[in-house]
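Novice: One structure follows; several queries about it will come next.
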Amino acid sequence: SVRPFERVAMDILELPVTSKGNRYVLVVEDYFTKFVNLYPLPNQSAQTVAHCLFEDYVLLHGIPETLHSDQRRQFEGEVVQTLCHLLNIKKTRTTPHNPKLDGMIERFNRTLIDQLAKTLLTYGGEWDDYVKHVAFAYNTTTHSSTHFTPFLLTHGREARVPTDVLLPTRALDSQMSVSHAEFVSSLLTRLNSAFSGARMHSEAAHDRQKLYHDVGLRHRPYDVGAMVWLHNLMESRRKLAPHWKRPYKIVQVMDSCGELGLTYQIVNPFDAGERAQVVHYNRVRPYTLPVSALSQTQTQSNPPYSQPESLPLESDVSGGVECVSPQKELSALSDSQNSVKGAEPSASWPFKGFCAVL
Numbered sequence: 018s019v020r021p022f023e024r025v026a027m028d029i030l031e032l033p034v035t036s037k038g039n040r041y042v043l044v045v046e047d048y049f050t051k052f053v054n055l056y057p058l059p060n061q062s063a064q065t066v067a068h069c070l071f072e073d074y075v076l077l078h079g080i081p082e083t084l085h086s087d088q089r090r091q092f093e094g095e096v097v098q099t100l101c102h103l104l105n106i107k108k109t110r111t112t113p114h115n116p117k118l119d120g121m122i123e124r125f126n127r128t129l130i131d132q133l134a135k136t137l138l139t140y141g142g143e144w145d146d147y148v149k150h151v152a153f154a155y156n157t158t159t160h161s162s163t164h165f166t167p168f169l170l171t172h173g174r175e176a177r178v179p180t181d182v183l184l185p186t187r188a189l190d191s192q193m194s195v196s197h198a199e200f201v202s203s204l205l206t207r208l209n210s211a212f213s214g215a216r217m218h219s220e221a222a223h224d225r226q227k228l229y230h231d232v233g234l235r236h237r238p239y240d241v242g243a244m245v246w247l248h249n250l251m252e253s254r255r256k257l258a259p260h261w262k263r264p265y266k267i268v269q270v271m272d273s274c275g276e277l278g279l280t281y282q283i284v285n286p287f288d289a290g291e292r293a294q295v296v297h298y299n300r301v302r303p304y305t306l307p308v309s310a311l312s313q314t315q316t317q318s319n320p321p322y323s324q325p326e327s328l329p330l331e332s333d334v335s336g337g338v339e340c341v342s343p344q345k346e347l348s349a350l351s352d353s354q355n356s357v358k359g360a361e362p363s364a365s366w367p368f369k370g371f372c373a374v375l
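First residue of the sequence shown: 18, per the numbering used here; consecutive thereafter.
This is the structure in C-alpha cells:
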C-alpha cells in the first residue's frame, strides 16, 4: 500500500455481551496510515457488517480500493460481495485458518484486548464504553512502522489531545492568515513529505519482520504429486483425537502474496468425491511410507499409503499465532470491575477512560 485507504483490512472480535446488547467489535484498519476504526455490533451477520461498512466507514473515509479479510462467511457472503461489486472494491482474503498472514490487524487485536482489559480494571463499566477511546489513543500515538501517528497521515495534522489541554507544551502552528490555496499547497507539501517517510519506514519495518520470520522458518516447498499430512483443526481441539488426517496429494503449487509455495491445492487420492482444498503450508507435513510398504510400490500402480510409525507432533504446526481469547480475558475482570465500579479518574480530566489509554 502506497497511499491512504488504498487497502484496508477488517476483522471481527467476539467479546462479552454488554447491557447495550453489543457482543462483537468490527475492526477496520488502513494498511498505509495504520488508522483504525472500531464499531461495536450486536451480531456479526453479513447484513450488519455490510451496513456498518457503508454507513459508518465509507461515508466517513470514502471508498477503499481493496478490502482484505479472512474467509469467515460474514465477509464472503453475498451481501458484502454485492457491496464491494457496487462500490468497485476489490475483495481479497487470507487462506483458511491462518490469521498470521494478516499480522497487522492481528497485532492490533492484541493491543485492543490489552487496553480494554486495563481500562476496565481501572474504571469498571463495559468494553463498549471505551472502544472509541482506545481507537483515538492508538491513532494519536506514533506508530513503530511508519514513525508517524495514524491521525497525521490521515488528516494532514496532529490531533489536539487531552494532554495538550492539561499541559499545553506543543508548539502551535503559525497564526498568520493564509488563503485556502496557500493552505492546500502547504498541506500537500507536508503530506507528500510524510507519505514518503512513512513508505520508507514501513518498507524497513517489513524487511525486519521478514528477516525475523525467515530465521525461524521451517518452510520447504512441496512438489506437485507429493503426499502430505493435513492438520485436522476440528479434532485437534480434542486431546485424545488424532490431530492429522492421512494422506493428501498436492495437485497445484499456488502463488500467495508473490511467494510461490506458501499455499497448495490438495485432494484426497482415495476419495474422488471429496472436494479439493486450498491450504497454507503450515497445515501440512510430509507423508512418508513405512519401510514395509516401500517394496510394494515397485509392483503396484497405487502404493499402499498406510500410516507411518509416527505422526507429526502438535507442536510441529509452525508459524501459528497464539489465539486471542477476548471473551475469557475480559470476563475474568468482572469481579475486579465490581470492586472499582463507579470509581472516577483524576479530577484534572473529567472524561472517564482517556487517562487509562493515553
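From the three backbone atoms N, C-alpha and C, an ideal C-beta is built for every residue, glycine too.
What span of residues does the beta strand (DSSP E) with E143 cover, start to end?
Specialist: One-based indexing of the sequence shown puts residue 143 at position 126. E143 -> no beta strand (DSSP E), and no H or E assigned at all.
Novice: Could you pull the start and end residues of the beta strand (DSSP E) that A379 belongs to?
Specialist: This structure gives no information on residue 379, because the portion of the chain shown stretches from 18 to 375.
Novice: If we count Cβ pairs, one from each stretch, closer than 8 Å, do we get three or more for the segment 120–131 versus the segment 90–105?
Specialist: Flag = no, the segment 120–131 and the segment 90–105 do not touch.
Novice: Quick one: what's got a C-beta closer than 6 Å to Y239's C-beta in the same chain, skipping five residues either side?
Specialist: In the sequence shown, counting from the first residue as 1, residue 239 sits at position 222. Excluding residues within five positions, the ones whose Cβ falls inside 6 Å are I267.
Novice: Confirm, please, whether the CB-CB distance from R124 to D87 is below 9 Å.
Specialist: Numbered from its first residue, the sequence shown carries residue 87 at position 70. Numbered from its first residue, the sequence shown carries residue 124 at position 107. It is not a contact, given that the beta carbons lie outside the stated cut-off.
Novice: Just how far apart, CA to CA, sit S332 and H297?
Specialist: The residue labelled residue 332 in the question sits at position 315 within the sequence shown. The residue labelled residue 297 in the question sits at position 280 within the sequence shown. With a pLDDT of 46 at S332, under the threshold of 50, the predicted position of this residue should be treated as unreliable, though the coordinate-derived value follows. Cα to Cα, the separation comes out at about 16 Å.
Novice: Classify K266 as helix, strand or coil using the three-state DSSP reduction.
Specialist: The sequence position of residue 266 within the sequence shown is 249, counting from 1. Strand.
Novice: Would you please state the rounded distance, in angstroms, between the beta carbons of V293 and Q282? I believe it to be under 8 Å.
Specialist: The count along the sequence shown starts at 1 and reaches residue 293 at position 276. The count along the sequence shown starts at 1 and reaches residue 282 at position 265. Note that residue 293 is Ala in the sequence shown here, rather than Val. The pair is a contact, with the Cβ atoms about 6 Å apart (cut-off 8 Å).
Novice: Based on DSSP bridge pairs, tell me the residues matched to M244.
Specialist: Against the sequence shown, residue 244 aligns to sequence position 227. DSSP, once it has assigned bridges, lists K266 as partnering M244.
Novice: Buried or exposed: N156, going by 16 or more other Cβ atoms within 10 Å of its Cβ?
Specialist: Residue numbering aside, residue 156 sits at position 139 when the sequence shown is read from its first letter. By the neighbour-count rule (16 or more Cβ atoms within 10 Å), N156 is buried.
Novice: Got a sec? Which residues, its chain only, sit under 6 Å from L205 by beta carbon, not counting five neighbours each side?
Specialist: For the purposes of this step, residue 205 is identified with residue 188 of the sequence shown, where counting begins at 1. None.
Novice: Does the beta-carbon of P303 have 16 or more other beta-carbons within 10 angstroms, so that it is buried, or is it exposed?
Specialist: In the sequence shown, the residue the question calls residue 303 occupies position 286. With fewer than 16 other Cβ atoms within 10 Å, it is exposed.
Novice: Can you tell me which residues form a DSSP beta bridge with S86?
Specialist: As a position in the sequence shown, residue 86 is number 69, starting the count at 1. Answer is R110, bridged to S86.
Novice: Do Y48 and A63 have their beta-carbon atoms positioned less than 9 Å apart in this structure?
Specialist: By one-based count along the sequence shown, residue 63 stands at place 46. By one-based count along the sequence shown, residue 48 stands at place 31. In this structure, Y48 does not lie closer than 9 Å to A63 by Cβ.
Novice: Does P286 come out as helix, strand or coil in the three-state DSSP assignment?
Specialist: Your numbering for residue 286 matches position 269 in the sequence shown. P286 falls in the coil class under three-state DSSP.
Novice: Taking the continuous beta strand (DSSP E) assigned at L55, which residues delimit it?
Specialist: The residue you call residue 55 lines up with position 38 of the sequence shown. Residues V53 to L58.
Novice: Considering only C-alpha positions, which residue in the set A198, L100 and V45 is nearest to Y74?
Specialist: Mapped onto the sequence shown, residue 74 falls at position 57. Measuring from the Cα of Y74, the nearest candidate turns out to be V45.
Novice: Could you have a look at R124 and say whether DSSP puts it in helix, strand or coil?
Specialist: Along the sequence shown, one-based indexing puts residue 124 at 107. The answer is helix: DSSP assigns R124 an H, G or I state.
Novice: Which of the three DSSP states, helix, strand or coil, is assigned to Q294?
Specialist: The residue you call residue 294 lines up with position 277 of the sequence shown. In this structure, Q294 counts as strand in the three-state DSSP scheme.
Novice: Relative to the alpha-carbon of T171, which residue among P57, V53 and R90 has its alpha-carbon at the smallest distance?
Specialist: Position 154 of the sequence shown, counting from 1, holds the residue named residue 171. Of the candidates P57, V53 and R90, the one whose C-alpha sits nearest the C-alpha of T171 is V53.
Novice: Here's the rule I'm using: 16 or more other beta-carbon atoms within 10 Å means buried, otherwise exposed. How should P59 be labelled?
Specialist: Here the question's residue 59 lines up with position 42 in the sequence shown. Classification for P59: exposed.
Novice: Along the chain, where does the alpha helix (DSSP H) containing L183 start, and where does it finish?
Specialist: On the sequence shown, position 166 is the one that residue 183 refers to. First-last of the alpha helix (DSSP H) with L183: P179 to L183.
Novice: Among the candidates V270, F287 and P286, whose CA atom is the shortest distance from the CA of V383?
Specialist: The requested residue 383 does not occur in the structure, where the chain is confined to residues 18 to 375.
Novice: Would you decide whether A198 is buried or exposed? Buried here means 16 or more other CB atoms lie within 10 Å of its CB.
Specialist: In the sequence shown, residue 198 corresponds to position 181, counting from 1. Exposed, by the Cβ-count rule.
Novice: With 16 as the cutoff for other CB atoms within 10 Å, does K37 come out buried or exposed?
Specialist: For the purposes of this step, residue 37 is taken as residue 20 along the sequence shown, with counting starting at 1. Exposed is the call here.
Novice: Taking V44 as part of the beta strand (DSSP E), name the residues at either end of that continuous run.
Specialist: Counting from one through the sequence shown, the residue named residue 44 turns up at place 27. Counting along the chain, the beta strand (DSSP E) containing V44 begins and ends at Y41 to D47.
Novice: Mapping the DSSP letters down to three states, classify G155 as helix, strand or coil.
Specialist: Here residue 155 refers to the residue found at position 138 of the sequence shown. It is worth fixing the name first, because residue 155 is Tyr in this sequence and not Gly. Helix.
Novice: By DSSP, does T99 sit in helix, in strand, or in coil?
Specialist: Here residue 99 refers to the residue found at position 82 when the sequence shown is read from its first residue. Correct three-state label for T99: helix.
Novice: Spatial neighbours of L133 within its chain, please: CB distance less than 7 Å, with the 5 preceding and 5 following residues excluded, ordered by chain position.
Specialist: Counting from one through the sequence shown, the residue named residue 133 turns up at place 116. Excluding positions up to five away in sequence, the list reads W144, Y147, V151 and L347.
Novice: In whole angstroms, what is the alpha-carbon distance linking A176 and H78?
Specialist: Looking up residue 176 in the sequence shown gives position 159. Looking up residue 78 in the sequence shown gives position 61. The alpha-carbon atoms of A176 and H78 are separated by roughly 17 Å.
Novice: Compute the Euclidean distance between the alpha carbons of K51 and F92, then round it to the nearest angstrom.
Specialist: Mapped onto the sequence shown, residue 51 falls at position 34. Mapped onto the sequence shown, residue 92 falls at position 75. C-alpha separation (whole angstroms): 21 Å.
Novice: Buried or exposed for T99, going by 16 or more other Cβ atoms inside 10 Å?
Specialist: The count along the sequence shown starts at 1 and reaches residue 99 at position 82. T99 should be labelled exposed.
Novice: Thinking C-beta only, is L43 closer than 9 Å to T70?
Specialist: Within the sequence shown, residue 70 is the residue found at index 53, counting from 1. Within the sequence shown, residue 43 is the residue found at index 26, counting from 1. At residue 70 the sequence reads Leu, which differs from the Thr that was named. Result yes, Cβ atoms of L70 and L43 sit closer than 9 Å.
Novice: By alpha-carbon positions, which one of T305, D28 and N209 ends up nearest to L169?
Specialist: Locating residue 169 in the sequence shown gives position 152, counting from the first residue. Ranking the options by Cα distance to L169, first place goes to N209.
Novice: Express the C-alpha separation of F287 and S18 in angstroms, rounding to a whole number.
Specialist: Residue mapping note: residue 18 aligns to position 1 of the sequence shown, counting from 1. Residue mapping note: residue 287 aligns to position 270 of the sequence shown, counting from 1. Their backbone Cα atoms lie some 43 Å apart in a straight line.
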